[in-house]
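*Asks:* Residue numbers (the numbering used here), protein chains in the order written: chain A, 1 to 138; chain B, 1001 to 1138; chain C, 2001 to 2138; chain D, 3001 to 3138.
Glycine included, each C-beta is placed from N, C-alpha and C at the ideal position.
It should be emphasised that the depicted structure is a prediction, and the values quoted were computed from it without experimental measurement.
First, the structure itself, so that you have it in front of you.
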């Protein structure tokens, strides 16, 4: 079963571009993270709430395939799906599209782990967060 | 046969870090690109020379596994290897280590394509560049 | 006479922060530029339109006073005013406030010049742009 | 009396540039901070040492005049001078030059304050740091 992904949009700024006059390849990972932040805000929490409980969400793997260059002023839609929801980690798949033309710009994934700030060890994702992520997972 | 990788070092700056007090995950891709730039400088050319000939080197795939966080002021050694040298593309493997402790921080790869700036199509990598990359490829 | 400034809002992302757990000081200038981009979009043009006519808007001076730190997830309101509208340059004053609390975070200005891309010399700002900026200038 | 400034050099990377094919204006402030970090390293301490003592060095004012654009691959020399050394703050003046051509690219200053991390109030700069900065101040 394929669920509707979480969708959010962002505008490419001048500072996102490089001398090739396209979005710098590392900035797609910033866009991805912004989508993740919007997703958590939509679900009713933030990285800060996680931090306050003594946890954080380090990234352990990130992958991107670049399909077409995004340019200054483009409106980009980021689609986020919970591809794998494990006890201690989440794998988000993403697609980025030009919102006006529908052209696919990039796709990939990121794997994040719930970690204890003190011990730096992976820990189970708190139950309330799991419950909030479930409706978006396959 | 395994060849000696190209090695270069860089210092983590304050601006590379984020509120988790570690290097922001997208910045490893900036570090990787800096290593690639140093590599080309070592080989005697730069992105600019490529650009002047009407080409550029867009990234088509990027992957990183994060092993241990890098922090402000850390000296990072980036090792670059030419994992695949194809007619129109190059796959660079990389490893990033804390230069003082030898701890592995991250590893992954990037695939870049030689493209024509006008047509945006992939083209064969110029022979002189191929010759310069060969000694570093498997 | 004091005119109503142009106002726009943006959300602080994780990538905007540094290891002091506040927005990195250089990023206020990125926020300022985003506000300027939103302003032009509001007026019906973009940097790209300017570029297509053979011009660009290099910054010649930038100044910021930091009042209170902005943090991850803060919603920031940027107020932009046309402080000086000269033949070849514009001085924008700005204020950034926490949109939820009203606390002043930063204020300052930026001076930009209309320049010819070929000659790199300052040129008069095109009349249509002057007309669009006038209602926002003192 | 004019003292010799602290000098350090850095290479412009692709990620520092924007679609105008020059260094993005906010990145000069990153370069300035890197020079400050190199300066402290030269003096035998780092932001981290300051942090461990419960202090930090927030920026309260930053100013830059942009003279000539810096471009990808340029080698930039940053000159740093201690323009004012006060009880609780330091004003650094800076100049950035193209190291190969000697052309002045940018100049300006930054004012930083020694602050207590807990109270967020300005505090006197520790005596050992004052002693280290004195030889570089007017």
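Does chain D have any CB closer than 8 angstroms to the CB of residue 1047 (chain B)?
*Replies:* Yes, residue 1047 (chain B) lies at the interface with chain D (some Cβ there is under 8 angstroms from its Cβ).
*Asks:* For residue 3034 (chain D), return the contacting residues in chain B, with the cut-off set at a CB-CB distance below 9 angstroms.
*Replies:* Within 9 angstroms Cβ-Cβ: 1011, 1013, 1014 and 1015.
*Asks:* Starting from residue 7 (chain A), trace the beta strand (DSSP E) in both directions and tell me its first and last residue.
*Replies:* Element bounds for residue 7 (chain A): 6-11.
*Asks:* Within 8 angstroms, do at least three Cβ pairs link the segment 2116-2124 of chain C to the segment 3032-3046 of chain D?
*Replies:* The answer is no - the segment 2116-2124 of chain C does not touch the segment 3032-3046 of chain D, with fewer than three Cβ pairs under 8 angstroms.
*Asks:* Applying a beta-carbon distance threshold of less than 7 angstroms, which residues of chain D neighbour residue 2070 (chain C)?
*Replies:* Here the premise fails: no neighbours, minimum Cβ distance about 12 angstroms.
*Asks:* Where does the unbroken beta strand (DSSP E) through residue 1091 (chain B) begin, and where does it stop?
*Replies:* Residues 1089-1098.
*Asks:* So, with DSSP's three-state summary, where would you put residue 3109 (chain D)?
*Replies:* Three-state DSSP puts residue 3109 (chain D) in a strand.
*Asks:* Hey, residue 1076 (chain B) and residue 1032 (chain B): beta-carbon distance below 8 angstroms or not?
*Replies:* Their beta carbons are not under 8 angstroms apart, which means residue 1076 (chain B) does not touch residue 1032 (chain B) by this criterion.
*Asks:* Near residue 3037 (chain D), what residues of its chain come up, given a Cβ to Cβ distance below 8 angstroms and the 5 sequence neighbours on each side ignored?
*Replies:* The residues are 3046 and 3047.
*Asks:* Just verifying my parser: in three-state terms, what is the DSSP assignment at residue 2059 (chain C)?
*Replies:* Residue 2059 (chain C) falls in the strand class under three-state DSSP.
*Asks:* Are residue 63 (chain A) and residue 78 (chain A) close, meaning C-beta to C-beta below 8 angstroms?
*Replies:* Cβ distance not < 8 angstroms, so residue 63 (chain A) and residue 78 (chain A) don't count as in contact.
*Asks:* The beta strand (DSSP E) spanning residue 1051 (chain B) covers which residue range?
*Replies:* Note, residue 1051 (chain B): premise wrong, no beta strand (DSSP E); alpha helix (DSSP H) at 1047-1052.
*Asks:* Within 10 angstroms of the Cβ of residue 3081 (chain D), are there 16 or more other Cβ atoms? Answer buried if so, exposed if not.
*Replies:* Residue 3081 (chain D) comes out buried.
*Asks:* Does any C-beta atom of chain C lie closer than 8 angstroms to the C-beta of residue 1026 (chain B)?
*Replies:* True, the Cβ-Cβ gap to chain C drops below 8 angstroms.
*Asks:* Excluding five sequence neighbours on each side, which residues of the same chain lie with their C-beta closer than 7 angstroms to the C-beta of residue 1035 (chain B)?
*Replies:* So the qualifying residues of the chain are 1008, 1078, 1080 and 1094.
*Asks:* Of the choices B:1028, B:1072 and B:1100, whose alpha-carbon is the least far from that of residue 1066 (chain B)?
*Replies:* Here the closest residue by C-alpha is B:1028.
*Asks:* Where does residue 1026 (chain B) fall in DSSP's three states?
*Replies:* Coil, per DSSP.
*Asks:* How about residue 2116 (chain C): is its C-beta nearer than 8 angstroms to some C-beta of chain B?
*Replies:* Chain B contact via Cβ: absent.
*Asks:* 8 angstroms is my cut-off, CB to CB: does residue 1073 (chain B) come that close to chain F?
*Replies:* Here chain F cannot be found, since the structure's protein chains are A, B, C and D.
*Asks:* Does the beta-carbon distance from residue 15 (chain A) to residue 3024 (chain D) come in below 8 angstroms?
*Replies:* Contact: yes.
*Asks:* Start and end of the alpha helix (DSSP H) containing residue 1130 (chain B)?
*Replies:* 1127-1133 is the span of the alpha helix (DSSP H), which, as asked, contains residue 1130 (chain B).
*Asks:* Output, in sequence order along the chain, the residues in the segment 1082-1106 of chain B whose CB is closer than 7 angstroms to any CB in chain A.
*Replies:* So the list is empty, because no residue satisfies the distance condition.
*Asks:* Assuming residue 3022 (chain D) and residue 3058 (chain D) make a contact with CB atoms under 8 angstroms, what is their CB distance in whole Å?
*Replies:* About 29 angstroms; that fails the 8 angstroms criterion.
*Asks:* Output the boundary residues of the beta strand (DSSP E) element that contains residue 1119 (chain B).
*Replies:* Careful: residue 1119 (chain B) lies outside any beta strand (DSSP E) and carries neither H nor E.
*Asks:* Between which two residues does the beta strand (DSSP E) containing residue 3078 (chain D) stretch?
*Replies:* Looking at the DSSP string, the run of the beta strand (DSSP E) that includes residue 3078 (chain D) is 3075-3085.
*Asks:* Checking the sheet assignment: what are the DSSP bridge partners for residue 1066 (chain B)?
*Replies:* For residue 1066 (chain B), which the question treats as bridged, DSSP gives the partners B:1106.
*Asks:* Residues in its own chain within less than 7 angstroms of residue 136 (chain A) by CB, not counting five upstream and five downstream?
*Replies:* Same-chain partners within the cutoff: 3, 6, 81 and 82.
*Asks:* Looking at residue 3113 (chain D) and residue 3088 (chain D), is the spacing between their C-beta atoms short of 8 angstroms?
*Replies:* It is a contact, given that the beta carbons lie within the stated cut-off.
*Asks:* What does a CB cutoff of less than 6 angstroms around residue 1125 (chain B) pick up in its chain, not counting 5 residues either side in sequence?
*Replies:* Within the same chain, residue 1125 (chain B) has close Cβ partners 1114.
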